[in-house]
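**Q** Once you've had a glance at the structure underneath, I'll fire off some questions.
Residue numbers (my numbering), protein chains in the order written: chain A, 282 to 395; chain B, -5 to 107.
What follows is the structure, given as C-alpha cells:
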C-alpha cells in the first residue's frame, strides 16, 4: 500500500530564515506530487505540482520554491520566510489514469513564522 | 475556471442525528470529478469519495451517502446517525481537464454527545 510522509510535523521559524519541508511517497512509482497551503480560515491553496523529476509547475507567485530531486521526493523551500508564510502545508500524491485521479494527502507540517 | 461553494460554514448536531452537508459546484468542463475530504483535528485530509460527472448514481457507504445531481450542480453529503468521531471539517472539491483540485471553503461539523 502507498504511504506519504511529511517532516517536520511542526516548525517555528524567525522571519527571514530559510525553510525546507520534505515530502516522500512510498509504494508507488512516478506519482504526481502537490504542495498545498492552508491558512487560518481553512481555504486550501495549491502552490506547486510536479508530474515528474525536475518538472515543477507553480500556481502562485511567492517567495516559495519547490524541487523534485527524486521520483518520490518533493521539497518545498524558501530562502527568506515572511510572516505571511505561516500556515499548514500539505503534500499530496496521485497517479493519473484514464478514469481521472484522486489525490491523497500527507499528515501536514504546521509552520509558524515569528 | 472552477468554483465550489459550501454555504454552511459551521453545523452543530447532537449525536445520532442525521446531517447533510451541501456542496454546489461550477465548471465549464464536460468531464469532471467531484470529491469529498474529511479533515479531523489532527489536520490530515482524508479522502472519502470521488464521483465522475457521467455517473449520477448516488452512493452509500455505511453511514455515509452522497447525492449527485447534475441538474442543480450539487454533490451533497449526508451522515446518518452521526457520532462524535464525525466531528471534523469537510471539504468538497472538483477537478476537470486541468487536473488540479479546486476546494470549497469547508464546513465545520460538530457532533455533540
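Ideal Cβ placement from N, Cα and C applies to all residues, glycine included.
Can you list, in chain order, the residues of its chain whose CB lies under 7 angstroms from that of residue 362/A, leaving out five sequence neighbours each side?
**A** Hits under 7 angstroms: 294, 296, 297, 298, 300, 394.
**Q** Drop a sphere of 10 angstroms on the beta-carbon of residue 48/B, count the other beta-carbons inside from all chains shown, and report buried for 16 or more, exposed for fewer.
**A** Looking at its Cβ environment, which holds fewer than 16 other Cβ atoms inside 10 Å, residue 48/B is exposed.
**Q** May I ask you to list, following chain order, the residues of the stretch 366 to 390 of chain A that have a beta carbon less than 9 angstroms from some beta carbon of chain B?
**A** Per Cβ criterion, the list reads 369, 371, 373, 375, 377, 380, 381, 382, 383, 384, 385, 386, 387, 388, 389.
**Q** Using a Cβ-Cβ cut-off of 8 angstroms, state whether residue 323/A counts as contacting chain B.
**A** For residue 323/A, the answer is yes, since a Cβ of chain B falls inside 8 angstroms of its Cβ.
**Q** If you check the beta carbons only, do residue 391/A and residue 291/A fall under 8 angstroms apart?
**A** Yes, the pair counts as a contact, with Cβ atoms nearer than the cut-off.
**Q** According to DSSP, simplified to helix, strand and coil, what is residue 360/A?
**A** DSSP places residue 360/A in coil when its eight states are reduced to three.
**Q** Can you tell which of 37/B, 28/B, 27/B has its C-alpha closest to the C-alpha of residue 317/A?
**A** Of the listed residues, the one whose Cα sits closest to residue 317/A is 37/B.
**Q** Specify the secondary structure class of residue 14/B as computed by DSSP and reduced to three states.
**A** Note: residue 14/B maps to strand in three-state DSSP.
**Q** Could you please give the first and the last residue of the uninterrupted beta strand (DSSP E) stretch that includes residue 79/B?
**A** Counting along the chain, residue 79/B falls outside any beta strand (DSSP E), and DSSP gives it neither H nor E.
**Q** Rounding to the nearest angstrom, what Cα-Cα distance links residue 326/A and residue 78/B in this structure?
**A** One C-alpha to the other measures close to 29 angstroms.
**Q** Starting from the C-beta of residue 104/B, find all residues in its chain whose C-beta is less than 6 angstroms away, skip the five residues before and the five after it, and write them out in chain order.
**A** Here the set comprises 6, 81.
**Q** Given that a residue counts as buried once 16 or more other Cβ atoms are within 10 Å of its Cβ, and exposed if not, what is residue 108/B?
**A** Residue 108/B lies beyond the stretch modelled for chain B, which goes from -5 to 107, so this question has no answer here.
**Q** According to the Cβ coordinates, are residue 60/B and residue 44/B closer than 8 angstroms?
**A** No, these two residues do not count as a Cβ contact at 8 angstroms.
**Q** Could you tell me whether any Cβ in chain A is nearer than 8 angstroms to the Cβ of residue 46/B?
**A** Taking Cβ atoms only, chain A reaches closer than 8 angstroms to residue 46/B, which makes this a yes.
**Q** Which same chain residues, not among the five before or five after residue 10/B, have their C-beta less than 6 angstroms away from its C-beta?
**A** Only 75 meet the Cβ criterion.
**Q** On the DSSP bridge list, what partners appear for residue 105/B?
**A** DSSP output for residue 105/B lists 7/B as bridge partner(s).
**Q** Report, in whole angstroms, the separation of the C-beta atoms of residue -1/B and residue 90/B, which I expect to be a contact under 8 angstroms.
**A** With a Cβ gap of about 16 angstroms, residue -1/B and residue 90/B do not count as contacting.
**Q** With distances taken Cα to Cα, identify the nearest neighbour of residue 86/B among 12/B, 57/B, 20/B.
**A** When each option's Cα is compared against that of residue 86/B, the closest is 20/B.
**Q** Under 8 angstroms between the Cβ atoms of residue 41/B and residue 31/B?
**A** A contact, by the Cβ cut-off of 8 angstroms.
**Q** For residue 312/A, count neighbouring Cβ atoms within 10 angstroms of its own Cβ and tell me buried if that reaches 16, exposed if not.
**A** Buried, because 16 or more other Cβ atoms sit within 10 Å of the Cβ of residue 312/A.
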